[in-house]
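Working notes for the structure below.
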Amino acid sequence: MTLQAYVLRRVLLLVPMIVGISLLTFVVSHMVPADPVSAMLTDKARPETVAAFREQWGLDRPLPEQYLRYLGGLLRLDFGVSIFSHHPVADDLALYLPATLELATTALLVTVFLGIPLGVLTAVYRESWLDRVVRVVSLLGASAPIFWLAIVGLLVFYSWLDWVPGPGRIDARIAAPQTITGLYTVDSLLTQNWDAFGSSVRHLILPALVLGGNQMVYLLRVTRSSVLEVLGQEYVRTAHAKGLGWWTVVYRHAVPNALIPTVAYLGLSYGSLLAGAVVTEIVFAWPGMGRYALQGTTRLDFPAIVGVTTVIAVIYVAVNLVVDVAQSFMDPRIRLGR
Amino acid sequence: MVGGGVSLSEHLSPRGRERRASLASWLASAWRFLRRRPLALLGLAIVVVWVLALLGTDVIAPYGPLDLDTFKRLQPPGSEHLMGTDDLGRDVFSRILHGGRVSVVAGILVVLAASLVGTFIGTSAGFFGGALDELLMRTADIFLAFPPIILALAITAALGPDLHTSMVAIMLVWWPQYARMVRGVVQSVKQNEYVTASRAIGAGEWRIMLRHVLPNSIMPVFVVATLDLGQGITIAAVLSFLGLGIRPPNPDWGSMIASGATMLSQWWLGTFPGLAIMSVVLGFNLLGDALRDLLDPRLRHER
Numbered sequence: 195m196t197l198q199a200y201v202l203r204r205v206l207l208l209v210p211m212i213v214g215i216s217l218l219t220f221v222v223s224h225m226v227p228a229d230p231v232s233a234m235l236t237d238k239a240r241p242e243t244v245a246a247f248r249e250q251w252g253l254d255r256p257l258p259e260q261y262l263r264y265l266g267g268l269l270r271l272d273f274g275v276s277i278f279s280h281h282p283v284a285d286d287l288a289l290y291l292p293a294t295l296e297l298a299t300t301a302l303l304v305t306v307f308l309g310i311p312l313g314v315l316t317a318v319y320r321e322s323w324l325d326r327v328v329r330v331v332s333l334l335g336a337s338a339p340i341f342w343l344a345i346v347g348l349l350v351f352y353s354w355l356d357w358v359p360g361p362g363r364i365d366a367r368i369a370a371p372q373t374i375t376g377l378y379t380v381d382s383l384l385t386q387n388w389d390a391f392g393s394s395v396r397h398l399i400l401p402a403l404v405l406g407g408n409q410m411v412y413l414l415r416v417t418r419s420s421v422l423e424v425l426g427q428e429y430v431r432t433a434h435a436k437g438l439g440w441w442t443v444v445y446r447h448a449v450p451n452a453l454i455p456t457v458a459y460l461g462l463s464y465g466s467l468l469a470g471a472v473v474t475e476i477v478f479a480w481p482g483m484g485r486y487a488l489q490g491t492t493r494l495d496f497p498a499i500v501g502v503t504t505v506i507a508v509i510y511v512a513v514n515l516v517v518d519v520a521q522s523f524m525d526p527r528i529r530l531g532r
Numbered sequence: 136m137v138g139g140g141v142s143l144s145e146h147l148s149p150r151g152r153e154r155r156a157s158l159a160s161w162l163a164s165a166w167r168f169l170r171r172r173p174l175a176l177l178g179l180a181i182v183v184v185w186v187l188a189l190l191g192t193d194v195i196a197p198y199g200p201l202d203l204d205t206f207k208r209l210q211p212p213g214s215e216h217l218m219g220t221d222d223l224g225r226d227v228f229s230r231i232l233h234g235g236r237v238s239v240v241a242g243i244l245v246v247l248a249a250s251l252v253g254t255f256i257g258t259s260a261g262f263f264g265g266a267l268d269e270l271l272m273r274t275a276d277i278f279l280a281f282p283p284i285i286l287a288l289a290i291t292a293a294l295g296p297d298l299h300t301s302m303v304a305i306m307l308v309w310w311p312q313y314a315r316m317v318r319g320v321v322q323s324v325k326q327n328e329y330v331t332a333s334r335a336i337g338a339g340e341w342r343i344m345l346r347h348v349l350p351n352s353i354m355p356v357f358v359v360a361t362l363d364l365g366q367g368i369t370i371a372a373v374l375s376f377l378g379l380g381i382r383p384p385n386p387d388w389g390s391m392i393a394s395g396a397t398m399l400s401q402w403w404l405g406t407f408p409g410l411a412i413m414s415v416v417l418g419f420n421l422l423g424d425a426l427r428d429l430l431d432p433r434l435r436h437e438r
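Chains as they are written, first to last, in the numbering used here: chain V, 195 to 532; chain W, 136 to 438.
Here it is, written out as C-alpha cells:
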C-alpha cells in the first residue's frame, strides 16, 4: 500500500468512528434516569409547562428522529444551546477550548522534551545513578494522582516559595490579549503585548509542568525499554564493529528506530493530557473545557457535557490519525500490513 | 535472571498445577522469588499494612470520621491530632482511615467489575468470531475513542452523580481494554490442538469456551487487573475529587483532597490524603509488576 492509499484509508475510517462517537454521546445524554426536564423545572411546574419545555428542546420526538437531528447538528458544529448559560454550546466551547489546548499542548512539549531525552539517557546509561534516580522518581510520580500533584505544586511553588503566580491564566490586573487564536501566549506575541505574554507564560509554567511531568513518566518508560531493545539488535552491533563512535551509533542508528513506539505512544499521551487537563484546570482555576464540563455535570446541562465530550473525542481520534500516519511514514512495514 | 520465578510460574500454569505442588513448596518458591525483589517485597508490605489498617480502622482511628470538635478547628499536626484537623475540627488521620475504606474498596470493585465484564465480552468475541466479534469490538472501539475520565464524567452526570454511579461509569469506560486484550489471547488459544481435540471428541462450543479456552486465557487478565488496581483507586478518587463521588460529610480520599485544595495554607488537609493514595497505589503497582514477572514471563520486559 502506498502512503497516500494508507492515509486515505485511515481518513475514511474516521467516518464510522465519528458516527460511533455521536451514537454513544447520544445514548449517554438521552437514555438516562437523570431527566433534564426535572432538573430544569421544579416539581410544581404545570403539565403544560413541562410539555412546552419538552417540545422546545425536541424531547417529545421519537428517539431515532432525535438522533438524526442531533447528528445533523453535530455535523454543522451545532451542539445546541447550553441549558444554563443560554449560549450556543459551540460559542462556549470556542471560548474555553483554546485554554485547554494551550495547557495540554504546552504539557505535551514538556512530556516530549523531557521524556524522550531522559528515556534515551537512562537506557544508554543503564543502572547508572541517573537511571536509578529517574526510576524512583517515576515510580512515585506514576503513583501520585495528578490533581494532588497539582495541589502540592501550588502549595510549594506558589504558597511557600512564591516562584510562580497563583491559579488563573493571567494576572487579574493585566487585560487578556486581543483574541486571535484564543491562546493567550500566541495572541499576546502576535499583538506584541509583552506584559500579557510574560504573565500568561508564568501562569502556564506550573500547570504544564505538573500535567506534562505526570505523562512524561510513561513516555520515558516506553522510550527507555524501546531503546534498550534496539541497542541489543544486530545492526547496532554491526555499527559498533565498523568503528563508529558510541554516540554516533546511539543517535544515528538506535534512537531513530527506537522512537517508533514512542511516537505511537504520543497519541495515547495526548488523550491522557486532554483528560488530565480537565482535572488540572479545576485546581488551577483554568477557564477551560474541564471547568465547563464539570459545571455541566453538576447541573445536568447535557448539551454542554455532550459538546465537550464529543469535541475531546474527535480531537483525540484526529491526533491518533496523525500519529498513525506519522508512524507509517517512519516505518513502512506498518502500512504494508505487518 | 529469574530462576525461582520460572519454576513458580510452572507450578501455577495449568500444566504445572497437575503436578500438585504442595503448599509448602509453593510458599518456598514464592519467598525465593520475593527475596530477590526488594521492590516487590516493599509493595507487598505496603499493601499488607494498608489492608490491616483498613480492617482495623475502628480500633486504630482515635476519633470517629464525623466527630466535630469546634474548638480545635484547623489545628496543624500535633500530638493530639496526628495529621491535624479540618475546618470543622474533625481528625484528619481518622478520616483518612475511614475514607480509605471507601476509596480502596471502590477502586478494587471497579477493576474487578471491569475485568469480569471485559473478559466475558472479549472471550465471546474472540471465541465465536464473525458478526458477534465485529459488533462487540467495534463497540469497544467507540468507547476507546474517548479519554476515559471525560466519558466517565459524562456517564456519571447521566446516571446522577454519587459514589455508586461513578463506579458504574468507570466500569463502563474500562471494560473495552480488557475485552480487547482477552479477545487477542482467546484467538490464539483457540488455535491450540487441545481445542481441536475436544471438538473432535464431541465437546460443545460453550463447554470448550468455558472449560478449555477461558482458563488458558485468564492469566494476563489477572496480571493486568493487579497492575490496574492502583489506577482504579486513582480514577475513583478523581471523580470524587470532582465532587461526583461520595456525598459529604462522609470522607473519602478524593473529596478530602478537594477540600484541601480550597485551603492551601492548611497544607495538611490535602497533603496527607494524597500521600495515602500515593502509597496504596505505589504498593499495588510494585506488587503488580512483580506478579507480572512471576506469572507471565512473556510479558516481562526490561525496566
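Positions of the beta carbon are idealized from the N, C-alpha and C atoms, including for glycine.
Here's the rule I'm using: 16 or more other beta-carbon atoms within 10 Å means buried, otherwise exposed. How should W/P173 be labelled?
By the 10 Å Cβ count, W/P173 comes out exposed.
Measure how close the beta-carbons of W/G418 and W/L362 come, nearest whole angstrom, since I'm counting them as under 8 Å.
At roughly 12 Å, the Cβ-Cβ gap does not stay under 8 Å, so W/G418 and W/L362 are not in contact.
Can you check which of these residues, W/V358, W/D226, W/D193, is closest to W/L430 by C-alpha distance?
W/V358
Once the 5 residues before and after V/I215 are set aside, which same chain residues still bring their CB inside 8 Å of it?
T504, A507, V508, V511
Tell me the DSSP secondary structure of V/P311 in three-state form.
Helix.
Span separating the alpha-carbon of W/L379 from that of W/S301:
7 Å
W/T406 CB to nearest chain V CB: under 8 Å?
Put simply, the CB of W/T406 is near chain V, with a gap under 8 Å to one of its CB atoms.
Taking the CB atoms as reference points, tell me whether V/V416 and V/P455 lie closer together than 8 Å.
yes
For W/W402, go through chain V and note every residue whose CB falls closer than 7 Å to its CB, in chain order.
L349
Please list, in chain order, the chain W residues whose beta carbon lies closer than 9 Å to that of V/F341.
A372, V373, F376, L377, G389, I392, A393, A396, G409
For V/E475, count the other beta carbons within 10 Å of its own beta carbon; 16 or more makes it buried, fewer makes it exposed. Which is it?
buried
Take the Cβ of V/Q198 as the centre, count every other Cβ of all protein chains shown within 10 Å, and call the residue buried at 16 or more, exposed below.
Counting the other Cβ atoms within 10 Å of the Cβ of V/Q198 gives fewer than 16, which makes it exposed.
Which of the three DSSP states is assigned to V/V275 in this structure?
In the three-state reduction of the DSSP assignment, V/V275 falls in the strand class.
Would you say V/S463 reaches chain W, if we count a Cβ-Cβ gap shorter than 8 Å as a contact?
no
Does chain W have any CB closer than 8 Å to the CB of V/M211?
At a cut-off of 8 Å between C-beta atoms, V/M211 counts as an interface residue with respect to chain W.
Can you give me the Cβ contacts of V/Y319 inside the same chain, cut-off strictly under 7 Å, excluding the 5 residues immediately before and after it?
D325
Look at the alpha carbon of W/M413 and the alpha carbon of V/L405, and state the distance between them as a whole number of angstroms.
16 Å
Skipping 5 residues on each side, what residues in its chain have a beta carbon closer than 7 Å to that of W/L279?
The residues are P311.
May I ask which residues mark the beginning and end of the alpha helix (DSSP H) holding W/H233?
That run of the alpha helix (DSSP H) goes 227-263.
Where V/I476 meets chain W, residues with beta-carbon distance less than 7 Å:
L377
I'd like the span of the alpha helix (DSSP H) that includes V/E249, first residue to last.
241-250
Other residues of its chain near W/W403: CB distance less than 7 Å, five sequence neighbours each side excluded:
So the list reads P211, P212, M218, G219, V227, once near-sequence residues are dropped.
Own chain partners of W/V330 with C-beta closer than 7 Å, once the 5 adjacent residues on each side are dropped
I343, H347, V348
Could you pull out every residue in the same chain whose Cβ sits closer than 6 Å to the Cβ of W/G367, ignoring the five residues on either side in sequence?
G242, V245, V246
Specify the secondary structure class of W/P173 as computed by DSSP and reduced to three states.
Helix.
Closer than 7 Å by beta-carbon distance: list the chain V residues that pair up with W/G365, in chain order.
S337
Can you check whether the CB of V/A336 is closer than 8 Å to the CB of V/V411?
yes
Just to confirm, is the Cβ distance from W/A248 to W/A425 under 8 Å?
no
Does the beta-carbon of V/D356 have 16 or more other beta-carbons within 10 angstroms, so that it is buried, or is it exposed?
Burial is judged here by how many other beta carbons sit within 10 angstroms of a residue's own beta carbon; V/D356 has fewer than 16 and is exposed.
Measuring CB atoms only, is the stretch 291-299 of chain V touching the stretch 477-489 of chain V, in the sense that at least three cross pairs come out at less than 8 Å?
yes
Is the stretch 430-444 of chain V touching the stretch 482-496 of chain V, taking contact as three or more C-beta pairs under 8 Å?
no
Using a Cβ-Cβ distance cut-off of 8 Å, determine whether V/L400 contacts chain W.
no
Taking the alpha carbon of V/L400 as the point to measure from, which residue in V/Q489, V/A471, V/V327 has its own alpha carbon closest?
In terms of Cα proximity to V/L400, the closest of V/Q489, V/A471, V/V327 is V/A471.
Is it right to say W/P282 is buried, meaning 16 or more other beta carbons lie within 10 angstroms of its own, or is it exposed?
buried
Contacts that V/A469 makes with chain W (C-beta to C-beta distance below 8 Å):
P282, P283, I284, I285
Which of the three DSSP states is assigned to W/P311 in this structure?
helix
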